[in-house]
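All letters in the sequence shown, in the order written, are residues 182 to 664 by my numbering.
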Amino acid sequence: MNHSRRQSYRVKRTLVTLLILLAVSGLLQLPIRVNADNENPPYAYNHCCDSNECIFPSECKRPGPCSCRMPCDFIIINPYAQVDWSSFGQYRAALHNHTTHSDGHTTLPDAVRDFYNHGFDILAIGDHNVVTYRWDTAPTGALRSLPVLMSTEEKEAIYDGTYGRSGIFADAIFPGHLGPQLRRPQPGGMISIPHVNEQSHPDRGREHILTLWADFNNEPRQTPSQVFYEVERLGGLSIINHKGRFTRAWVHPRRILRDGHGRGWVASNDPTIIRRYVEFYRDFPSILGMEIFNSLDRETQWDRILWDNILMRTMPNGRKVFGFSNDDAHNCEEVGFNWNVLLMPALTESDTRIALETGAFYAVTRVDRRLRVNHLRPDGRDMLYKGNERTRFLLEQPTPGIDNIVVDNNTITITGRDYDRIQWIASGAVIYTGSTLDLNLHRSEIAHNYVRAQLINTTGVAMTQPFGIWEACSYLASEPAMP
Ligand SMILES: [Zn+2]
Ligand SMILES: [Zn+2]
Numbered sequence: 182m183n184h185s186r187r188q189s190y191r192v193k194r195t196l197v198t199l200l201i202l203l204a205v206s207g208l209l210q211l212p213i214r215v216n217a218d219n220e221n222p223p224y225a226y227n228h229c230c231d232s233n234e235c236i237f238p239s240e241c242k243r244p245g246p247c248s249c250r251m252p253c254d255f256i257i258i259n260p261y262a263q264v265d266w267s268s269f270g271q272y273r274a275a276l277h278n279h280t281t282h283s284d285g286h287t288t289l290p291d292a293v294r295d296f297y298n299h300g301f302d303i304l305a306i307g308d309h310n311v312v313t314y315r316w317d318t319a320p321t322g323a324l325r326s327l328p329v330l331m332s333t334e335e336k337e338a339i340y341d342g343t344y345g346r347s348g349i350f351a352d353a354i355f356p357g358h359l360g361p362q363l364r365r366p367q368p369g370g371m372i373s374i375p376h377v378n379e380q381s382h383p384d385r386g387r388e389h390i391l392t393l394w395a396d397f398n399n400e401p402r403q404t405p406s407q408v409f410y411e412v413e414r415l416g417g418l419s420i421i422n423h424k425g426r427f428t429r430a431w432v433h434p435r436r437i438l439r440d441g442h443g444r445g446w447v448a449s450n451d452p453t454i455i456r457r458y459v460e461f462y463r464d465f466p467s468i469l470g471m472e473i474f475n476s477l478d479r480e481t482q483w484d485r486i487l488w489d490n491i492l493m494r495t496m497p498n499g500r501k502v503f504g505f506s507n508d509d510a511h512n513c514e515e516v517g518f519n520w521n522v523l524l525m526p527a528l529t530e531s532d533t534r535i536a537l538e539t540g541a542f543y544a545v546t547r548v549d550r551r552l553r554v555n556h557l558r559p560d561g562r563d564m565l566y567k568g569n570e571r572t573r574f575l576l577e578q579p580t581p582g583i584d585n586i587v588v589d590n591n592t593i594t595i596t597g598r599d600y601d602r603i604q605w606i607a608s609g610a611v612i613y614t615g616s617t618l619d620l621n622l623h624r625s626e627i628a629h630n631y632v633r634a635q636l637i638n639t640t641g642v643a644m645t646q647p648f649g650i651w652e653a654c655s656y657l658a659s660e661p662a663m664p
């Protein structure tokens, strides 16, 4: 009896002592030492914390994921990973334009010749609520004029480049654009993207959705989601056009609204607007992205802010949203101010689709009003809203181009031409200016798992697509414990 009572007393005393020790160690934050080799997730512990340099040493001695403050490798999701910069061609694509089949002033054959003579390689005619298949095939939908088509012979000659380019761009090299480094693997044809439509009914015309490779035409009162759904079901792709027109960011941009900010800033930072688009990109993988430049950057001048706001919410989920630069030309004077350079092994329709889907392209513009690139005309007055004979001088100016992008574990390096500076942007802010971004020097600023770059000179801007950025240790550890 005595013996068993003594035994139970000893057990109780041991338990109480253990409990006290545990409580005290918890209160004093005493490190609980565990054999790191056996019990810690090796990646998190060894990668970040097995060193005196760790900022929070007590954190490091605990098992499990820790805060990662030491030089650390990154996982970089590079949209140009499949690009062989030494052998691929750089092809200029015009993705959003109009003819007399909707509200344009140029017939379809004349529009095709305009783009061809401006040195474009890929052309999509996206008339409003009209499906354009090929240039020699009658479009379907709400045509505003009798169809005017190109002969099959002429179309084929433009495709294979045997139809001579004429006018000031007869050499097929756009002045200052691709320049002597143009790697056109053939004398220069221009191909079409089939089944293109600028679906302009959704939300009573407040959303314009450019759709490609989808034989589908929207109906009045359809919602954007219904359009995205149908296009996706048919295997097509979508791009959301000139959002600034509908956010009203561009209207009276200097009017001060809230917190001392202008109307454009407020609209592009509006949580309701941001959420609307984030949900579209979340729900429909076939939406490639959004226009970030349209014609002479009147309506889109605040849309790079919106783009960054969207990226800040989609990139942490691995959802890339690509930026596009389009003329939205309605006549021949509006051609040649914006384009997308697709990086492809050859000029084919299938490679075009791959480049668009993977983000193997960069967007170029001659006018960026927020970066004050050609925001004024030579006489000091504001840049015009649309191209005409008074903006023709812009077509002769050099614009930046990209020759190579090298990505390793910690850095991204861009080699380009015709630029004054390369800016790197994360979470909507410029975090560095220079050709090589060292991720370790900007870890705290890359808070939303992406960076993007823009090459700028006084007469043009080239923008890369976003690079996904993940710290290797925090990526592997499920929940990085930030003290
Ligand atoms: Zn539109
Ligand atoms: Zn349009």
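Every residue gets a Cβ at the ideal spot worked out from N, C-alpha and C, and that includes glycine. Only a predicted model underlies this, so the values are computations on that prediction, with no experimental measurement involved.
N378: CB within 7 Å of a non-hydrogen atom of ligand 1: Answer for N378: no, Cβ out of range of ligand 1.
Which same chain residues, not among the five before or five after K336, have their C-beta less than 6 Å away from its C-beta? Here the set comprises W316, D317.
Span of the beta strand (DSSP E) holding F542? Taken as a continuous stretch (DSSP letters only), the beta strand (DSSP E) holding F542 covers 542-546.
CA-to-CA distance, V312 to Q646, given in whole angstroms: If you take the alpha carbons of Q646 and V312, they lie about 28 Å apart.
When you compare each of S381, G369, F301 to D308 by their alpha carbons, which one comes out closest? When each option's Cα is compared against that of D308, the closest is S381.
Name the DSSP bridge partner or partners of T645? Paired residue(s): none; T645 is not in a bridge.
Any idea what DSSP makes of G504, helix, strand or coil? G504: strand per DSSP, three-state reduction.
Which same chain residues end up closer than 8 Å to F542 when comparing Cβ atoms and leaving out the 5 residues on each side of it in sequence? So the qualifying residues of the chain are A274, F503, N521, V522, L523, L524, A536, Q646.
Chain-order list of residues whose beta-carbon lies under 7 Å from that of V264 (same chain, five-residue window excluded): Excluding sequence positions up to five before and after V264, its CB lies within less than 7 Å of the CB of L524, A541, all in the same chain and listed in chain order.
Among T617, A628, Q578, the one whose alpha carbon lies nearest that of A639: For the sequence presented, residue 639 should be read as Thr rather than Ala. The residue from T617, A628, Q578 with its alpha-carbon nearest to that of T639 is Q578.
L276 and F461 closer than 8 Å at C-beta: For L276 and F461, no; Cβs fall outside 8 Å.
How is the alpha helix (DSSP H) around D666 delimited, first residue to last? In this structure the chain extends from 182 to 664, so residue 666 is not present and cannot be described.
Near L565, what residues of its chain come up, given a Cβ to Cβ distance below 8 Å and the 5 sequence neighbours on each side ignored? These residues qualify, in order along the chain: L477, R558, R571, T572.
Environment of D481 [buried if 16+ CB atoms lie within 10 Å]: It is worth fixing the name first, because residue 481 is Thr in this sequence and not Asp. By the neighbour-count rule (16 or more Cβ atoms within 10 Å), T481 is buried.
Tell me whether F397 sits in a helix, a strand or coil according to DSSP, three-state version. Reduced to three states, the DSSP call for F397 is coil.
Would you list the residues sitting across from S373 in a DSSP beta bridge? DSSP, once it has assigned bridges, lists L304 as partnering S373.
Please classify H389 as buried or exposed, where buried requires at least 16 neighbouring CB atoms within 10 angstroms. Around the beta carbon of H389, a 10 Å sphere encloses 16 or more other beta carbons of the protein chains shown; the residue is thus reported as buried.
Using only the alpha-carbon positions, how far apart do N310 and H623 sit? Rounded to the nearest whole angstrom, the C-alpha separation of N310 and H623 is 46 Å.
Say the cut is 7 Å; is the CB of H389 nearer than that to a heavy atom of ligand 2? Relative to ligand 2, the nearest heavy atom lies less than 7 Å away from the CB of H389.
If you drop the 5 nearest sequence neighbours on each side, which residues of the same chain put their C-beta closer than 7 Å to that of I650? Once the five neighbours on either side are set aside, the close Cβ partners of I650 are F255, I257, L620, I627, N630, Y631, V632.
Considering N555, what are the terminal residues of the alpha helix (DSSP H) in which it resides? Element bounds for N555: n/a, residue is neither H nor E.
So, I303 versus N278, is the Cβ gap smaller than 8 Å? Cβ distance not < 8 Å, so I303 and N278 don't count as in contact.
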